[in-house]
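Q: In order, the protein sequence lines correspond to chains C and L.
The numbers in the working numbering rise by one with no breaks, and the one at position 287 of the first sequence is 287.
The numbers in the working numbering rise by one with no breaks, and the one at position 18 of the second sequence is 1018.
For each residue, glycine too, the CB sits at the ideal point set by N, CA and C.
Everything numeric in this text was worked out from a predicted model, so none of it was measured.
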Amino acid sequence: MATIASTEANETSGRARSRGLRSPLRAISYLQATPLLLILGFFFILPILTILVVSFWDYDFAGLYPDFLTMNYTDTLGSRVTWKTYLNTLKFTAMTWALTLVIGFWVAYFLAFHIRTTTMQMVLFLVCTVPFLTSNIIRMISWIPVLGRNGLVNSTLTELGIIPQPIEWLLYSDFAVVLALVHLNTLFMVTPIFNTLMRIDRALIEAARDCGASGWQVLWNVVLPLAKPGMAIGSIFVVTLVMADFSTVQVMSGGQSASVALMMKNQMSLLQYPAAAANAVVLLIVVLLMVAAILRVVDIRKEL
Amino acid sequence: MNHERRGKEFYVLAAFFALFVLFLYGPLSAVLMLSFQGPDGGLTFPLNGVSLHWFYNLFEKQAVGDFGASFRRSFTLGLMVMVVNVIVALLAGLAFRHRFRGSTALFYMTVASLVVPSIIISLGIGVVFQQFGLKLAWYSSGFGAHLTWTLPFGVLIMFAVFNRFSPAYEEAARDLGATAWQTFRHVVLPMIAPSLIGVGLFGFTLSYDEFARTLMTSGTYNTLPLEIYGMTTNVTTPVLYALGTVTTLFSFTIILAALAVILVLRRRQARTS
Chain C
1 MATIASTEAN
11 ETSGRARSRG
21 LRSPLRAISY
31 LQATPLLLIL
41 GFFFILPILT
51 ILVVSFWDYD
61 FAGLYPDFLT
71 MNYTDTLGSR
81 VTWKTYLNTL
91 KFTAMTWALT
101 LVIGFWVAYF
111 LAFHIRTTTM
121 QMVLFLVCTV
131 PFLTSNIIRM
141 ISWIPVLGRN
151 GLVNSTLTEL
161 GIIPQPIEWL
171 LYSDFAVVLA
181 LVHLNTLFMV
191 TPIFNTLMRI
201 DRALIEAARD
211 CGASGWQVLW
221 NVVLPLAKPG
231 MAIGSIFVVT
241 LVMADFSTVQ
251 VMSGGQSASV
261 ALMMKNQMSL
271 LQYPAAAANA
281 VVLLIVVLLM
291 VAAILRVVDI
301 RKEL
Chain L
1001 MNHERRGKEF
1011 YVLAAFFALF
1021 VLFLYGPLSA
1031 VLMLSFQGPD
1041 GGLTFPLNGV
1051 SLHWFYNLFE
1061 KQAVGDFGAS
1071 FRRSFTLGLM
1081 VMVVNVIVAL
1091 LAGLAFRHRF
1101 RGSTALFYMT
1111 VASLVVPSII
1121 ISLGIGVVFQ
1131 QFGLKLAWYS
1141 SGFGAHLTWT
1151 LPFGVLIMFA
1161 VFNRFSPAYE
1171 EAARDLGATA
1181 WQTFRHVVLP
1191 MIAPSLIGVG
1201 LFGFTLSYDE
1211 FARTLMTSGT
1221 YNTLPLEIYG
1231 MTTNVTTPVL
1241 YALGTVTTLF
1251 SFTIILAALA
1261 VILVLRRRQA
1271 RTS
């Protein structure tokens, strides 16, 4: 009886899913997925393939010439500048990643475990979120009056007599770049970690306590392992965004520091598209390898 | 954990959180204050009198590029992206409720669109349009470039929403004789409406602030973020802050309006159910 009822239910739902039409169940799914496929196909897949092709082309100041040269790659990979730039970009990425991970985890942990009402949680979460929906460039610029030679930090410190003269390296330095990158990207860590922490069964923590675990032991052996997927997703965001950053590095270092994307941007402004394309392919491979490494930790499809 | 008295850990973390919020909002509020700088004031504190001088300056056409026109372009583009984002993400979300051939590939393609560096997509679309002899413009190539950034967010949100969506409601509607369209229109749509507004908000604000993907794809006319980006290198007066204040207040208004609508929808749902 039960089996008959459930087969019937399956049949009805199957029929209705195909919107009352007798067409196969999946046809409607294809139709619904088509706009996404078309948009991503034309504006994402095609451009990537084009870059791959163009990276082997020849060029001069007048235009691009179809060819099959490995010159663009040997040029970029054979240059010391490229390697130094990659090293510099990796340095920024590593520092930003470590800082956003630590800050993001504690902020998310505080929101998830120490705020008692859902309303308050949502309000505080929104307080963290809102700045991230405003302009990145404005948020970069906003450091100028704070960190500048006569900015807030310097004038306060000199007035208090802590330092004899303004610190020069606050703005337009690697310090400023990392500070701004952390400022711009921490939410990408907070959100996924908060999301995973909220889904931890509180009974697990009670159980650990009952078994005699101290606060740190609960954190280290229960909460942290369960937060890993969120940390992985956050890391993917932060790593890919920072690896490809050019504006923060340019604005906050005052043009004194370089990143891979900034190098590409300069090549583009000189219309050296094939050279930029070769760089793009190398950068893409590096970024995808980093993502693949992070994905070994977590299956994101399960986490949504 | 929730039932105990608040210990030292709470206060330490609360202080940390407060510092984080100060870190987020402190610099922004400095910009806000300095945009009211007097006519003789500079880019840093102290305030040299209080005036609306730099706001007037902003709206004089010759002073700083063409702020009004670039704002209109960014606003229109944001609306276009918002509408397409909601529709396409909703359809894709519905499609992903069932496994179909290539659904995993399409899903990973969507995620990849988020992960691939913006500047690479920007360069790629620029070269594609050039090679096909198409005209680069903010409403064609720029529009597409923005969608590659906003759609993954939209699709992932819808994916998460439908993962938690119980089919029981639809089955109940069907048992009561509703057609597929009626089920969607009167049962599914009202339930996911708040999320759709979220998707729309993301679409608009991400597009309105986007510039890495617009860099090579906007054609002749700049969008607002590109205009501001250009200004960072050559404008050395507080008019930059005035512009920052205006765009930030605009973003805040949009966000608050969307949140208000979401709240109202939630309330109405709570009342009817």
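1. Quick one: which residues of the region 1076-1101 of chain L get their C-beta closer than 7 Å to a C-beta of chain C? List them in chain order.
2. Could you compute how far the alpha carbon of Leu-994/L sits from the alpha carbon of Phe-105/C?
3. Fully enclosed by the region 1170-1230 of chain L, which alpha helix (DSSP H) runs are 4 residues long or longer?
4. Given that a residue counts as buried once 16 or more other Cβ atoms are within 10 Å of its Cβ, and exposed if not, what is Met-120/C?
5. Using DSSP's beta-bridge definition, name the partner residues of Leu-358/C.
6. Near Asn-136/C, what residues of its chain come up, given a Cβ to Cβ distance below 6 Å and the 5 sequence neighbours on each side ignored?
7. Are the region 240-260 of chain C and the region 47-66 of chain C in contact at 8 Å, needing three or more beta carbon pairs?
8. From the DSSP output, in three-state form, read off Ala-1069/L for me.
9. Check the C-beta distance from Val-1115/L over to Ile-236/C and give it rounded, since I have them as a contact under 8 Å.
10. Can you give me the Cβ contacts of Phe-125/C inside the same chain, cut-off strictly under 7 Å, excluding the 5 residues immediately before and after it?
11. Which of the three DSSP states is assigned to Gln-1037/L in this structure?
12. Once you ignore the five residues that flank Phe-68/C on each side, which residues in its own chain have a CB closer than 8 Å to its CB?
13. What are the complete alpha helix (DSSP H) segments, minimum 4 residues, inside the region 1104-1135 of chain L?
14. From Ser-23/C to Ser-29/C, what does the alpha carbon distance come to, in whole angstroms?
15. By Cβ distance below 8 Å, which residues in the same chain neighbour Ala-1193/L in space, the five residues on each side in sequence not counted?
16. Please determine, among Phe-43/C, Leu-197/C and Gly-161/C, the residue with the shortest C-alpha to C-alpha distance to His-1146/L.
17. Using a cut-off of 8 Å between C-beta atoms, extract the partners of Glu-1060/L located in chain C.
18. Taking CB distances under 9 Å as the criterion, tell me whether Arg-1266/L reaches chain C.
19. What's the call for Ala-278/C, buried or exposed, on a 16-neighbour Cβ count within 10 Å?
20. If I measure Cβ to Cβ from Asp-1209/L and keep anything under 8 Å in the same chain, skipping five residues before and after, which residues do I get?
21. Check each residue of the region 235-263 of chain C: if its Cβ is closer than 7 Å to any Cβ of chain L, include it; give the result in chain order.
22. Could you give the distance in angstroms between the alpha-carbon of Thr-248/C and the alpha-carbon of Leu-289/C?
23. With respect to the alpha helix (DSSP H) encompassing Cys-128/C, which residues constitute its N-terminal and C-terminal limits?
24. Let me see if you follow: with CB-CB separation under 9 Å, is Val-268/C close to chain L or not?
25. How far does the alpha helix (DSSP H) with Glu-206/C in it extend, from its first residue to its last?
26. Less than 9 Å separating the beta-carbons of Val-239/C and Thr-93/C?
27. Using DSSP's beta-bridge definition, name the partner residues of Ala-1137/L.
28. Hey, would you say Leu-157/C sits closer than 9 Å to Ile-167/C, going by beta carbons?
29. Any C-beta of chain L sitting closer than 9 Å to the C-beta of Ser-135/C?
30. Leu-1034/L versus chain C: which residues are under 8 Å apart at the beta carbon?
31. Under a three-way DSSP split, which group does Val-1235/L fall into?
32. Do the region 1103-1117 of chain L and the region 1043-1055 of chain L meet, that is, are 3 or more Cβ pairs less than 8 Å apart?
33. Leaving out five residues before and five after Val-1111/L in sequence, what residues of the same chain have Cβ atoms less than 8 Å from its Cβ?
34. Shortest alpha-carbon distance to Ala-227/C belongs to which of Leu-77/C, Thr-100/C and Ala-108/C?
35. What number of angstroms, rounded off, separates the C-alpha of Ala-1223/L from the C-alpha of Met-1158/L?
36. Which residues mark the beginning and the end of the alpha helix (DSSP H) in which Gly-144/C is found?
A: Taking the definition as stated:
1. Those would be Val-1088, Leu-1091, Ala-1092, Leu-1094, Ala-1095, His-1098 and Phe-1100, in chain order.
2. No statement about residue 994/L is possible, as the shown extent of chain L runs from 1001 to 1273 and does not include it.
3. 1180-1183 and 1189-1209
4. exposed
5. Coverage of chain C is limited to positions 1 through 304, which leaves residue 358/C absent and any answer about it impossible.
6. Leu-184
7. no
8. helix
9. Going by Cβ atoms, the distance from Val-1115/L to Ile-236/C rounds to 7 Å, so yes, they are a contact pair.
10. Leu-111 and Phe-194
11. strand
12. Phe-56
13. The alpha helix (DSSP H) runs lying completely inside the region 1104-1135 of chain L and spanning 4 residues or more are 1118-1131, given in chain order.
14. Residue confidence is low: Ser-23/C scores 47 on pLDDT, short of 50, so the model does not pin down where it sits. No coordinate-derived value is stated.
15. Leu-1265
16. Phe-43/C
17. Within chain C, no residue comes near Glu-1060/L; the closest Cβ sits about 20 Å away, beyond 8 Å.
18. no
19. buried
20. Pro-1225 and Ser-1251
21. Ile-236, Thr-240, Met-243, Ala-244, Phe-246, Ser-247, Val-251 and Ala-261
22. 23 Å
23. 118-129
24. The question names Val, but residue 268/C in the sequence shown is Met. Cβ-Cβ to chain L under 9 Å: yes for Met-268/C.
25. Residues 202-210.
26. yes
27. Here Ala-1137/L is bridged, per DSSP, to Gly-1219/L.
28. yes
29. yes
30. Pro-145
31. coil
32. no
33. Pro-1152 and Leu-1156
34. Ala-108/C
35. Going by the sequence as given, residue 1223/L is Thr instead of Ala. The straight-line gap from Cα to Cα measures roughly 28 Å.
36. Gly is not the amino acid found at residue 144/C; the sequence shown has Ile there. In this chain, the alpha helix (DSSP H) harbouring Ile-144/C covers 144-147.
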